[in-house]
Structure formats: structure tokens, C-alpha cells
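Novice:
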Amino acid sequence: MDWYPDADESTLLRTPIRFATGYAPAVAGSRWFRDTERRDIQGELPGWPEGPVFTLNTKTTQNVDRVAGGLINGMITAVRVAVEAVVGGNSVAVGTSPPRSAAEDPANEAEDFPVMWAAPGTRARTLPWQLDPGRRPDRYRVDAVITERRLVLLGVGSDMTAPAEVLWETPRDAVTGAQQMAFSEGGHDVRVRFSDDSWARLATGDTRKFAGLLADRRQLLPESDLTPGQRERVARLVAELPANAQAPRCFRLPSGVILVEAQVPAKVGKGLFETHSILMGETGEPARPQSGDL
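Terminal number for the sequence shown in this note's numbering: 405, no gaps in between.
(1) Near Leu325, what residues of its chain come up, given a Cβ to Cβ distance below 6 Å and the 5 sequence neighbours on each side ignored?
(2) Start and end of the alpha helix (DSSP H) containing Arg252?
(3) Is the CB-CB distance between Gly395 and Gly316 below 9 Å?
(4) Are the beta-carbon atoms of Ala398 and Ala311 separated by less than 9 Å?
(5) Just verifying my parser: in three-state terms, what is the DSSP assignment at Trp159?
(6) Can you say whether Glu220 is buried or exposed, counting buried as having 16 or more other CB atoms within 10 angstroms of its CB?
(7) Taking all protein chains shown into account, do 16 or more other C-beta atoms lie within 10 angstroms of the C-beta of Thr318, making it buried, or fewer, making it exposed?
(8) According to DSSP, simplified to helix, strand and coil, what is Thr386?
(9) Give me the Cα-Cα distance between Gly403 and Ala273, rounded to the nearest whole angstrom.
(10) Contact defined as beta carbons within less than 8 Å: I believe Arg329 pairs with Leu370. What is the distance between those atoms, to the nearest angstrom?
(11) Within 10 angstroms of its Cβ, does Leu238 collect 16 or more other Cβ (buried), or is it exposed?
(12) Grab me the residues of Gly268's own chain with a C-beta within less than 6 Å of its C-beta, minus the 5 sequence neighbours each way, in chain order.
(13) Please name the residue in Leu265, Ser121, Gln241, Glu385 whose C-alpha comes closest to that of Gln374.
(14) Excluding the 5 residues flanking Pro353 on each side, which residues of the same chain have their C-beta closer than 8 Å to its C-beta?
(15) Would you mind working out which of Ala131, Asp113, Leu123, Thr122 sits nearest His299, comparing C-alpha positions?
(16) For Leu262, which of helix, strand or coil comes out of DSSP?
(17) Smallest Cα separation from Arg283: which of Ala213, Ala118, Leu264?
(18) Distance check for Val345 and Arg260, CA to CA, integer angstroms please.
(19) Assuming Val253 contacts Pro127 (C-beta within less than 8 Å), just tell me the rounded distance between them.
(20) Quick one: grab the DSSP three-state call for Gly323.
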């Protein structure tokens, strides 16, 4: 799964990604590909293999799903109560979904569920079909990589020793925004907007950081712009890191707080990294992010 950025860029984030899936009862388990007239366009996308065809769930289907969900949640609750009886009430529930919030965009979340909204010739139409869980092969995933210059989608097959395949990429300035969508399973959905007004709804493991990076809330800061106290704090961070750590990168957040990140190769797999970070103020003192920073 090796893939490395060019010499003049670095990997800011790498995370699995796919087209999202409907969450509201009428669209649960579904995804559609639309133009701006709300027509289905998946048959117009060049090179795309055939995929599943979805229809809105009927009231009967919704009721069955609701009953089944209630039974499953009841079983989870019963198991949790039994565990708490043994361990003294200090257990943590695993596998339950967070409470639903209200749909932010009912037309595209509760009444329909487009994961691609794209007029002819727009960038969203160029996204690879491998993002679709209903089309891609078994034991195959897509990773999103964000660097300072671009957003890249990589295909990773079952052979973990094979190089990752570059499926698609676009310059960062072609992405005009990324919004976390709270009304989603596990809160993992994000809507990515492009400069031509097309968009895609995707699900990713690190939604907050993915959206934050693409929303361009961080300004890359050269070390020469740091105060003496900030440079001293960065030096202490570097001294605490393993010898194979990458050089730290500094970002000014909208509030003025400085974020410093350094990546260390992970032991779990080649090409994967752990991120070590600090937040600091004007003199290098610890700081907290403000609203809108991250």
C-alpha cells in the first residue's frame, strides 16, 4: 500500500473513505447519483460498472426496520445491564449508535439521498466508482490523502505489499469547502464541495480532521515566523519524538493559536503514520483551540 507525496509536500491526513449511505428511514441503506435536475446519472458516468438500484423505502419497510432496530437495541441494553451487574456498572457500551439529530438538509437527507450532485462536465462526475461500496471488489478499500497541494484517492487491494493505485486527484484550490454532516450513521459523513458547484457526500473515519483540512482553516506557518518561545517549545517537542519522526509542521489557526504536528511512522504498517501535536500561544505556552479553529 505504499504511496508517498512529492518532495515539496507532505501527507497531512490519510484515512479510508467511501460514498455515504442513507440514514433516515425512507432512504436508509440507499445512495443516488444526481444532476442538478435531480435525475439519476449513474448510467452516464464513463467507465462505471453496473451497481445496485435503490428505491425509497416503503412505510412497511420502515416499520420493519424500526422494529428490528428496537429489538437489536433491546438486546444490546440487556447485555450491557448484565455486564454492569458483573463489573459494577463501569462498563462502556460498544456498538450503539449516537442519538439521531434532525436532518440539516431534508431534501437531500430524508426525502432523497444523493452522494453525487453534479452537472455535466463538473469535477464530482470524475470521482472513481471504487468509492461506491456496492461496486468495488471485496477486500478493497479507498484511502483519501490530503497534502498541502492536493486531495488524492488511492485504491488499496487485498495484497498489502502492492503499491496503492492512484484513482483520482484534484488540487486543493478546486475544493471550496467540506462540511461535517451530523445526520449520519456514527456522524461519519462529510459533504465536499468543488469550485464548479458540484459536490459529493462521503463517509470517512476521521471526519473532523478531514473536513477541517479541506475547509482550509489552517494557515501553514514557516518556523521563521514563530516567536523565540514558540521555537523553543517546538524544539522540546522534537526532542521527545523518535529519531524517525518527520519534521514538524506549524499552522496558525483562525484564533491565532499555533498548531504543531509531527508524524511518526506507525509500527502497524508501512506507509502509515501516527500524528503527535501540540497547541501553543504567543510565548509557547499551552493553548486551547477556539470555536472554528478545528
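All C-beta atoms in this analysis are idealised placements derived from N, C-alpha and C, irrespective of residue type, glycine included.
Specialist: Walking through what the data contain:
(1) On the sequence shown, position 214 is the one that residue 325 refers to. Cβ neighbours of Leu325 beyond the five flanking positions: Val286, Ala289.
(2) Residue 252 sits at position 141 when you count from the first residue of the sequence shown. Arg252 -> not in any alpha helix (DSSP H); beta strand (DSSP E) instead, spanning 252-258.
(3) Against the sequence shown, residue 395 aligns to sequence position 284. Against the sequence shown, residue 316 aligns to sequence position 205. No.
(4) Taking the first residue of the sequence shown as position 1, residue 398 is located at position 287. Taking the first residue of the sequence shown as position 1, residue 311 is located at position 200. No; because the gap between Cβ atoms is not below 9 Å, this pair is not in contact.
(5) Residue 159 sits at position 48 when you count from the first residue of the sequence shown. Reduced to three states, the DSSP call for Trp159 is coil.
(6) The sequence position of residue 220 within the sequence shown is 109, counting from 1. Buried is the call here.
(7) As a position in the sequence shown, residue 318 is number 207, starting the count at 1. Looking at its Cβ environment, which holds 16 or more other Cβ atoms inside 10 Å, Thr318 is buried.
(8) Reading the sequence shown from its first residue, position 275 is the one you call residue 386. DSSP places Thr386 in strand when its eight states are reduced to three.
(9) Counting from 1 along the sequence shown, the entry for residue 403 is found at position 292. Counting from 1 along the sequence shown, the entry for residue 273 is found at position 162. Those two C-alpha atoms are separated by around 39 Å.
(10) By one-based count along the sequence shown, residue 329 stands at place 218. By one-based count along the sequence shown, residue 370 stands at place 259. Sure, about 7 Å apart at Cβ, within 8 Å.
(11) If you number the sequence shown from 1, residue 238 lands on position 127. By the neighbour-count rule (16 or more Cβ atoms within 10 Å), Leu238 is buried.
(12) Position 157 of the sequence shown, counted from the first residue, corresponds to residue 268. Counting only Cβ-Cβ distances below 6 Å, and skipping sequence neighbours, we find Tyr251.
(13) Position 263 of the sequence shown, counted from the start, is the residue given in the question as residue 374. Comparing Cα positions, the closest option is Glu385.
(14) What you label residue 353 is simply residue 242 of the sequence shown in a count that begins at 1. Contacts found: Val375.
(15) Indexing the sequence shown from 1 puts residue 299 at position 188. If we check each option's Cα against that of His299, Ala131 comes out closest.
(16) Here residue 262 is taken as the residue at index 151 of the sequence shown, counted from 1. Strand, per DSSP.
(17) Translated into the one-based positions of the sequence shown, residue 283 becomes position 172. Of Ala213, Ala118, Leu264, the residue nearest in Cα terms is Leu264.
(18) Along the sequence shown, one-based indexing puts residue 260 at 149. Along the sequence shown, one-based indexing puts residue 345 at 234. When rounded, the distance between both Cα atoms is 24 Å.
(19) In the sequence shown, counting from the first residue as 1, residue 253 sits at position 142. In the sequence shown, counting from the first residue as 1, residue 127 sits at position 16. 7 Å between Cβ atoms; contact.
(20) On the sequence shown, position 212 is the one that residue 323 refers to. Gly323: helix per DSSP, three-state reduction.
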